[in-house]
Every structure is written in C-alpha cells, then in structure tokens.
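Chemist: Dropping the structure in here first, questions after.
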C-alpha cells in the first residue's frame, strides 16, 4: 500500500514504457518507507513538511490527502507540521500549505 | 529549553539591539514547538527533514546536533528522516545531509 | 494595516482554532514591518523581490496587489524590482513574475 | 529563432516600455545559446532539466514544448532528462515534470 | 562602478575566453541597475534580500559587503532587510544571513 | 563505473548498515544513467546544470570533477552548461559554479 503513495498519474506510462525505471522507483520506495527506527506515519509527516517547505502545491496536496486517507492523520497533526514549516521556511510556504490543508479537511 | 534551539549565534546581538524583534521570535518559537497534536521530538525530526531537503548544511547540522543532545534522537532515526529526503528531494541533498549526520554521530 | 498583508485566507481558521499561534504571527508581523531604518514601502518591495525570486506565484501576486493598493507602488517600480530578480535569479522566475505584474496592473 | 525561446508573453510589454532592458535580454539570450562546445539541442535539454528540477511547471512546459517543436526532441529524450531530475532532485519534481511531458506529447 | 558589483572572481577568465558572453553580462548588468523608478540603493537592498532568502552565503556576503562599501548601507538597514527574510522565508535563511551581516559589520 | 558517480563518502556506512537502502540506490542509479535515448555524457551535463542551478557547491564540484575525469568533459563544455544556468537561474548560481569550474580545471 505504501508503494502507491508517491506514484503520480504519469507513472502508469512509465510502468509500461520504461519497466526498469519503474522497478527502480518501486525498489526505492520500499526501502525508503520501511525505516528501521521511525514508523510510517512519522515519515509521512516529514514528507508533508518537506513538500510544504518547498512550496510545492501539487506534492503538498497529494501527501496531505494520502496521510488523511491511509493513516487517519488529523487536521491538528497537519497544522503541527506546518508550524515547523512556518518557523523554518516562513510565511510564504506556510500560507500556501495552510490553504491546501484547510481545503483537504473540508472535503 | 525548546526556545534555545533555533537561536543562532547572531541572536545575541538581536536580543540587545532589537528587543522587540527578539521577543517576536521567542513568541513564534514558543507557539511553533508547543503543537496540539504532535510531540516535540516528531516536530524536531520534521525540522531536520526540511533543513536537509533545502540543502542547508548549517541548519541541518544544528538541528541534528540539538536533536541528539536534547532528545536522544538516534543515528537510525536521523537516517529514517533522510530516507524521506532521498525519495522526495533526491541524491544531492541526501548525500550532503548523510555526511553531516555521520559526522555528528561520530563525535 | 500592515498586519493584514501577509495573512492568507487560511488564517481565519488559525485565529479561531489556534489563537496562540495566531498571536505569535501577529507579533512577528508587527516586529518585521516596523524596522528601524527602512520604510514600509522599501520592505514591501523587498518582499516582492523575494517572492518573485522563489518562483512563488501566489505570494508574488499577493505582494504586488497589496503594494499597489496600500502603497500606490507603480508598475515601473515593480519592474525595477523584477530587474534585480532577472539578474540574480534568471529568466525563469523573471518571466513568471512579469506576467503576474502585467496582469495586476491591467486590472 | 533561438532568441524567441525564452521570451514569455510578458516580454512584448517590456520591448515597448523598457527597450534597453529588452535589448540586454536579447544580447544575453544570443550569448547563452551560442556556446562554443555544445550544440543548441544539448543546451535545450539542460534547460528542461533545470526547469524540472526547480519544480517550475510554467518553465518546464514552455521548454518541453519548444524543444519538441523547434528541435524535434522526442518523448524518450525528455524522459532521459527526467531520469537525471529523479536522481538529483527526487520524486516530487520528477512526478510534476513527468505529467507535463506526458501532456505535451499527447497533444 | 555598478557594473563591478556582480562580477565574481571567475569573471576575469570569462572576459578573456568568452568576450561575447562577458559583453552580454555587462549589458544585462547595466540594464538591471539603471531602473526607471527605484534608486540603486533600493535595488541593492532587494538583491541582499533575495540572496539571503535563497540561503546563498556567498552571494549574501558579497552583496552586503558591496552595499556597505559603495553605498554606506548601515547595519540597521541590513537587519531591516533580514526582517523581511525572516517573515517570508523563515528562521533558517534568517539565521544564516544574520551571522554574515554581523561578521561584515564587525570588520 | 557509472554507479559510483553519485555515491558520496557517507555511502560506505549506508552500504554496511542499511544494505536494502543501498541496493535501492544502486538500482535507481543504474536505471537513471542507462537512458533509452540520451548518452551518458549528455545526462552528466544535465546533472551539472541542475547542481549548479540549485547553488549546491558540493554537488556541482563532484559532478564537474567526475565529468572531467570519467568522460573527458572540457572546460568549454562546462561553461556552455553554465551559460544555460546563467539564463535560467541568474548570476548568483552562475558565479558560484563558475568559480568551482575554474578551480577544477586549474588543478
């Protein structure tokens, strides 16, 4: 299940056209999410923080949506991630990600 | 204690010269680290992930050092953060942060 | 008045749900815009330059709009900011911000 | 012909209002694309990689479109650029750029 | 005099080896700093803000040094630029730039 | 041989401590550099452009060094990559990378 998280829509075409690249991405994905010390949820919250800090709306929305759906991550947990984004990375990425979080949890 | 984490060396001068700016930073810092839903350690791991993803050596070292010292964060936990950095942000920031982590935990 | 500039739409919910975070942001905002040496307009132009350099369309549009409305910043002044963006940060962020500036000043 | 590549829609207004800035951009553009050692196509592929790595959707689309139209760059060539983006810069910019490439080559 | 500001050490070699690229950079530089509406000092402060926001230590130091030397920009003016960096871009780039500013003005 | 390119010093420890992560990185690396349409040298030049555009001194130096050593990439070829960096990403990353290139080719 974890495997599917990072696979964008474009990946179906990669799977068909470039199977060896697809397999490498699957392998990376497995190795990344199966950490030794942290659970999947903590790693997922880190992925939200990174996407939000980079101002990447597309990745932020995708990460928050899958965190909510797969892991029952709450709105308050996402806001606590965004607090760290605010401190480290400022109001510009914080505002952008906050609106995305509000939208995802209103749905 | 949490308050001190983000205060760089330059902050001593700000405290003296620009007390209202210093107070605002203290206030922000308090509000950020006292989240509703996530504990301080999880927020700290997120801060490491963001610093590493941005390729900011200075902030990455500072965050890893304080995580190790204040919160007994282990090398394996830091590597699990960096796994997420590798997947989301690639080998260039991953390599940089990995060397910093290795250095901090060798000390 | 300055206080309102950086508050995105998501902030209304923060004000209600996380009042201590909201207060910290208000405090930071006040401390930032009330500089000792530079006037508000100069600081605002710097904020436009930073948003444009980062390729953040959302923040660039918001900053240019509020600069125009609150401070009567002219199109030529914004273009002079974007000249610096062109030199420091290249054609990719310059083009993006130029289109936003053109749109805001056509309205 | 090369000259036109980087000129966004906003540039028409610059040409009229700020002719000396426009001339400087034309001069830079000429100097950049007329390298000593690499051909235009290789430089163009580099520009795609940079735009994609920065997560700049607007520039990525523009570069891929003009590479396809002017230089007959193929889908496989673009994917080979994006392989490098994946390794250096991670899944977040890779996914974003892959969808853009798929869209441009479906048209 | 303005022309010299952005020319790093590497530029001497470019001037000799790639004269047409060098001329294009000179032309761009002239067009950028001779804005219609803003004076050179304001543009310079914007360049400091952009360099600091991007976490680019090298460019930040160079910009602050030349602002101090050529334009008598004061420490308080630089700190007012960095206030905007703090709000827009967060503590990580702010801390880095603050230490650089402190160092330049201690000299 | 290509495999070794991206492996930083920190990787020896990963190989020993986290063999599954190491294998995933090897797999990714193989899939990335063995493109269908572009040769290794072109992909390498793209990697230099991305590292330089991101202002990542460490990765830029490493890429230029291995390009020179493994593939006999010339100084003029690197400068032609940096021309694209100048146009897309501005003088700040261009200057930084130019100095690195000068240093590597003086050695």
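Residue numbers (the working numbering), protein chains in the order written: chain G, 1 to 107; chain Y, 108 to 214; chain U, 215 to 321; chain E, 322 to 428; chain C, 429 to 535; chain R, 536 to 642.
Cβ atoms here follow ideal geometry from the backbone N, Cα and C, with glycine treated the same way.
None of the values given here were measured: they were computed from a predicted structure.
Tell me which same chain residues have a C-beta within less than 8 Å of the C-beta of residue 442/C, skipping the five on either side of it?
Modeler: Same-chain partners within the cutoff: 449, 450 and 453.
Chemist: Could you tell me whether the Cβ of residue 410/E comes closer than 8 Å to any Cβ of chain Y?
Modeler: So yes, residue 410/E belongs to the interface.
Chemist: Return no unless some Cβ of chain C is closer than 8 Å to the Cβ of residue 121/Y.
Modeler: Yes, contact with chain C.
Chemist: Can you find the residues in the same chain that come closer than 6 Å, C-beta to C-beta, to residue 351/E, ignoring five residues on each side of it along the sequence?
Modeler: Contacts found: none.
Chemist: Give me the Cα-Cα distance between residue 106/G and residue 391/E, rounded to the nearest whole angstrom.
Modeler: Those two C-alpha atoms are separated by around 45 Å.
Chemist: Kindly say whether residue 331/E, judged by its beta-carbon, lies nearer than 8 Å to any beta-carbon of chain C.
Modeler: No, no contact with chain C.
Chemist: Using 8 Å as the threshold, is the C-beta distance between residue 155/Y and residue 211/Y below it?
Modeler: No; because the gap between Cβ atoms is not below 8 Å, this pair is not in contact.
Chemist: In the DSSP assignment, the alpha helix (DSSP H) including residue 448/C goes from what residue to what residue?
Modeler: Here the alpha helix (DSSP H) through residue 448/C covers 447-461.
Chemist: Starting from the beta carbon of residue 297/U, find every residue of chain C whose beta carbon is closer than 8 Å, and list them in chain order.
Modeler: Those within 8 Å of residue 297/U in chain C are 459, 460, 461, 463 and 471.
Chemist: For residue 491/C, would you say it is in contact with chain Y, using Cβ-to-Cβ distances shorter than 8 Å as the test?
Modeler: So, not an interface residue.
Chemist: Buried or exposed for residue 311/U, please, with buried defined as at least 16 other CB atoms from any protein chain shown within 10 angstroms of its CB.
Modeler: So residue 311/U ends up on the buried side.
Chemist: Could you tell me which of 75/G, 62/G, 77/G and 94/G sits nearest to residue 9/G, measuring between CA atoms?
Modeler: Among 75/G, 62/G, 77/G and 94/G, the Cα nearest to that of residue 9/G belongs to 62/G.
Chemist: Does the separation of the CB atoms of residue 465/C and residue 521/C fall below 8 Å?
Modeler: Contact flag unset, no.
Chemist: Beta-carbon of residue 419/E versus every beta-carbon of chain Y: anything under 8 Å?
Modeler: No, residue 419/E lies away from the interface with chain Y (no Cβ there is under 8 Å from its Cβ).
Chemist: For the segment 252-312 of chain U, which segments carrying the alpha helix (DSSP H) assignment without a break, of at least 4 residues, lie completely within its bounds, in sequence order?
Modeler: DSSP runs (the alpha helix (DSSP H)) wholly in the segment 252-312 of chain U: 254-267, 271-285 and 289-303.
Chemist: Using a Cβ cut-off of 8 Å (strictly closer), state whether residue 240/U contacts chain E.
Modeler: With 8 Å as the cut-off, residue 240/U does not count as an interface residue toward chain E.
Chemist: Residue 55/G touches chain U at which residues, Cβ-Cβ below 9 Å?
Modeler: Within chain U, the residues near residue 55/G are 268, 269, 270, 272 and 273.
Chemist: Comparing C-alpha positions only, which one of 518/C, 471/C, 456/C and 444/C sits nearest to residue 340/E?
Modeler: Selected option, being the one with the closest Cα: 456/C.
Chemist: Taking only the alpha-carbon atoms, compute the straight-line gap between residue 150/Y and residue 230/U and give it to the nearest angstrom.
Modeler: Rounded to whole angstroms, residue 150/Y to residue 230/U spans 22 Å at the Cα level.
Chemist: Is it right to say residue 119/Y is buried, meaning 16 or more other beta carbons lie within 10 angstroms of its own, or is it exposed?
Modeler: When all chains shown are included, residue 119/Y counts as exposed.
Chemist: Using the rule of at least 16 other Cβ atoms within 10 Å of the residue's Cβ for burial, across every protein chain shown, is residue 401/E buried or exposed?
Modeler: Buried is the call here.
Chemist: Take residue 411/E and list the residues in its own chain whose beta-carbon comes closer than 6 Å to its own, dropping the five residues that flank it on each side.
Modeler: Result list for residue 411/E: empty, nothing under 6 Å.
Chemist: Just tell me which of 409/E, 405/E and 423/E has its CA closest to the CA of residue 575/R.
Modeler: Considering only alpha carbons, the answer is 405/E.
Chemist: Contact check, residue 595/R vs residue 371/E under 8 Å by CB: the rounded distance?
Modeler: Not a contact, Cβ separation roughly 13 Å.
Chemist: What would DSSP say about residue 571/R, mapped onto helix, strand or coil?
Modeler: Residue 571/R falls in the coil class under three-state DSSP.
Chemist: With the cut-off set at 8 Å, would you say residue 367/E and residue 635/R are in Cβ contact?
Modeler: No, Cβ-Cβ distance for residue 367/E and residue 635/R is not below 8 Å.
Chemist: Cα separation between residue 77/G and residue 102/G?
Modeler: Computed Cα separation, rounded: 12 Å.
Chemist: Can you tell me whether DSSP reads residue 642/R as helix, strand or coil?
Modeler: Looking at residue 642/R - three-state DSSP - the assignment turns out to be coil, as it is neither helix nor strand.
Chemist: Measure the alpha-carbon distance for residue 289/U versus residue 246/U and round it to whole angstroms.
Modeler: Near 25 Å, if we compare the C-alpha coordinates of residue 246/U and residue 289/U.
Chemist: At the level of alpha carbons, what is the spacing between residue 407/E and residue 193/Y?
Modeler: So the alpha carbons of these two residues sit roughly 10 Å apart.
Chemist: I'd like the list of long-range same chain contacts for residue 378/E, defined as Cβ closer than 7 Å, with 5 residues on each side in sequence excluded.
Modeler: Excluding positions up to five away in sequence, the list reads 417 and 421.
Chemist: Chain U partners of residue 475/C, CB-CB under 7 Å?
Modeler: Within 7 Å Cβ-Cβ: 298 and 302.
Chemist: Flag residue 507/C as yes if its beta-carbon sits less than 8 Å from any beta-carbon of chain Y, otherwise no.
Modeler: It does: the Cβ of residue 507/C has a partner Cβ on chain Y nearer than 8 Å.
Chemist: Check whether the Cβ atoms of residue 355/E and residue 269/U sit closer than 8 Å, and answer yes or no.
Modeler: Not in contact: residue 355/E and residue 269/U (Cβ atoms no closer than 8 Å).
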